[in-house]
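A.B. asks: Using the numbering used here, read the sequence shown as starting at 826 and increasing by one per residue.
Quick reminder that beta carbons are idealized off the backbone N, C-alpha and C, glycines included.
From a predicted model like this one, the values you see are computed outputs, not experimental measurements.
There's a structure below that I have some questions on.
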Amino acid sequence: MDNIWIIKPLKENLFEGFKFDKKFKNFEFFSEIEVSQLENQRVYLILEPQLFFVEIVEIPGKIREFIRIQAENRVKESGIFLSPPKAIHKILETLEVSSKVFVFGMEEKIINTYLERLRKAQARVEVITHKLLSTFCWFKRVFAYKDISYPVLLVILDPTGIWYLAISEKAPLYGKFSPVDEFIGISSQALLGDILTLKDYLYRFFREDLKGLILLGKERENIGKEALIEATKLPIINLDTSIAQEAYIYPEIFGAIELEPEFNFLPYLEKVFLNQIKWIEKLTPLFLSLASLNFLLGIVFYKMNSDLEKKIDLELLSMRKFINEISYKLPEESLQKIKTYINLEKEKETSLKINEFLIWLSQNWDNNLVLKNLKIENVGNNTSKILIDIEIRGDFLSTQKKTDELIKNFGRYFKIESSNFDFSGKENKATLSLSLIK
826 MDNIWIIKPL KENLFEGFKF DKKFKNFEFF SEIEVSQLEN QRVYLILEPQ
876 LFFVEIVEIP GKIREFIRIQ AENRVKESGI FLSPPKAIHK ILETLEVSSK
926 VFVFGMEEKI INTYLERLRK AQARVEVITH KLLSTFCWFK RVFAYKDISY
976 PVLLVILDPT GIWYLAISEK APLYGKFSPV DEFIGISSQA LLGDILTLKD
1026 YLYRFFREDL KGLILLGKER ENIGKEALIE ATKLPIINLD TSIAQEAYIY
1076 PEIFGAIELE PEFNFLPYLE KVFLNQIKWI EKLTPLFLSL ASLNFLLGIV
1126 FYKMNSDLEK KIDLELLSMR KFINEISYKL PEESLQKIKT YINLEKEKET
1176 SLKINEFLIW LSQNWDNNLV LKNLKIENVG NNTSKILIDI EIRGDFLSTQ
1226 KKTDELIKNF GRYFKIESSN FDFSGKENKA TLSLSLIK
């Protein structure tokens, strides 16, 4: 999944939006996207229900779970929804005995409807949010380092309606949608009336004077800016020409790229599942590299042992021929070669045991372990004694935990004759010494 689709609904199974690469540097606009095109794709979904709840409220207490319950109740008790709503909240400020909280809600059935359609198409939905929330995030990103006085009114002028979003530095203050007659288009008088009403509302309820306007959306170039400035007595904030023009037409799409986590309406279990998938995706290359390392170590050890075996076998063949020739007598000069034969047989047996042990050991290794010493002795009766010293890097708790894991793993295949754990706080490492019997 190298691409991310950020989309918003047009009709039941039809969307519009952008396909981005995974770094969000390159993108392509699609005016129509069939739901079938989103199979096995990562999807950010922007919803545009005209009925929504937005408020900044002071909630008693500081406990997060308690704040969440009160925020949800605030949305439910608003009485503006025809079906059960779903709420999100963001704690803006913790006061002495209360918390200042931003609360936003919309009908849950809208979320579930589109989520189910995308699930059926086997799309991987990672974000669900409202147009106003992602637009706020876009503004924060684009104007983060600019000297702007708040509050500011964002006006998104689309062919089907006008979205108004009054924002402070930390959160949206107020939002509104006004439909546009498709035959008449955007009325300058209606636009002016809405802006003046919102200007008055902000002063009455927040004791804040509106400081400026930003015009966005598909119809933003069709508005008489000079007349608007004169009538509202508000400056229009200039836009950065270095930013892609598509971002000014679809701010909600580009805002979803850096959406604040609190603004994601994706159900909790979906978020947990996605986090698990992301962890698996991050760890998979590591697992593969470790598996490859183990495999390569096995091949190296096998090759080393194989070369040694061939050398030993040649020597043994020579010794056997020699012994056959002198089977009826043993001259003094032949004794040294017979001793060599016996020693080579022992070396072959020991080398095979070392090879098997190292291959097993490589499968139970990680980057925090250093092999300091390894010795394998043949103690008779097909029994080997293994003396091993392992350096474990980390603090006391992590090295002790790793020691327990190592002893448990060794205990499955060997009899542990003795063990010793020595931790050095100064060097932040431990040494585990084991005596094993196989």
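#1: Below 8 Å on the Cβ atoms is my contact criterion, and I expect E1087 with I913 to pass it. Report the Cβ-Cβ distance as a whole number of Å.
#2: Would L1023 pass as a contact of L978 if the rule is Cβ separation under 8 Å?
#3: Looking at P976: is its Cβ nearer than 8 Å to the Cβ of E1033?
#4: Between L943, D972, S1209 and S903, which has its C-alpha nearest L839's C-alpha?
#5: Is DSSP giving D1229 helix, strand or coil here?
#6: Which class does T985 belong to by DSSP, given the choice of helix, strand or coil?
#7: Could you tell me if L940 is buried or exposed, where buried requires 16 or more neighbouring beta carbons within 10 angstroms of its beta carbon?
#8: Less than 8 Å separating the beta-carbons of E932 and L876?
#9: For P909, is the classification buried or exposed, using 16 other Cβ atoms within 10 angstroms of its Cβ as the cut-off for buried?
#10: Quick check for students: name the residue ranges of the alpha helix (DSSP H) that lie wholly in the region 903-966, counting only runs of 4 or more.
#11: Ignore the nearest five residues each way along the sequence and tell me which others in V922's own chain have a CB closer than 6 Å to its CB.
#12: Go ahead and label V952 buried or exposed: buried means 16 or more other beta carbons lie within 10 angstroms of its beta carbon, across all protein chains shown.
#13: In the structure shown, what three-state DSSP assignment does W830 receive?
#14: According to DSSP, which residues form a beta bridge with E837?
#15: Report yes if the C-beta distance between E880 and R966 is below 8 Å; otherwise report no.
#16: Under the three-state reduction of DSSP, which class applies to Y869: helix, strand or coil?
#17: So R899 and V882 are supposed to be a Cβ contact under 8 Å. How far apart are they, rounded?
#18: DSSP state of S1243, grouped into three classes?
#19: What residue does the alpha helix (DSSP H) around A896 start on, and which one ends it?
#20: From the DSSP output, which residues share a beta bridge with E1077?
#21: On the criterion of 16 or more Cβ atoms from any shown chain inside 10 Å, does F1235 qualify as buried, or is it exposed?
#22: Roughly how many whole angstroms lie between the Cα atoms of A1069 and L1021?
#23: Work out the CA separation of Q947 and K1173 for me, nearest whole Å.
#24: Using 8 Å as the cut-off, can you tell me whether the region 861-870 makes contact with the region 827-839, which would need three or more C-beta pairs spanning the two stretches below that distance?
#25: State the DSSP-derived secondary structure class of I1082, mapped to helix, strand or coil.
#26: How many Å lie between K1240 and D846 at the Cα?
#27: For the alpha helix (DSSP H) that contains L1053, what are its first and last residues?
#28: Apart from the five residues just before and just after K887, which ones in its own chain have a Cβ nearer than 7 Å to its Cβ?
#29: CA-CA distance, I916 and K1001?
#30: Span of the alpha helix (DSSP H) holding A1255?
#31: Would you check if the distance between the CB atom of K1036 and the CB atom of S993 is smaller than 8 Å?
#32: Straight-line CA distance for T1208 to I1201?
#33: Could you pull out every residue in the same chain whose Cβ sits closer than 7 Å to the Cβ of F1031, ignoring the five residues on either side in sequence?
#34: Compare the C-alpha of L1212 against each of S1258, L1231, D1220 and V1195 and name the closest.
C.D. replies: For this structure:
#1: 6 Å
#2: yes
#3: yes
#4: L943
#5: helix
#6: coil
#7: buried
#8: yes
#9: exposed
#10: 933-945
#11: none
#12: buried
#13: strand
#14: Looking at the DSSP assignment, E837 forms no beta bridge with any residue, so it has no partner.
#15: no
#16: strand
#17: 6 Å
#18: strand
#19: R889 to K901
#20: E1077 is not bridged to any residue.
#21: buried
#22: 30 Å
#23: Note on K1173: pLDDT 48, under 50, position unreliable in the model; no value is reported.
#24: yes
#25: helix
#26: 54 Å
#27: K1050 to T1057
#28: T919 and S924
#29: 22 Å
#30: Element bounds for A1255: not the alpha helix (DSSP H) but the beta strand (DSSP E), K1254 to I1262.
#31: no
#32: 10 Å
#33: L998
#34: S1258
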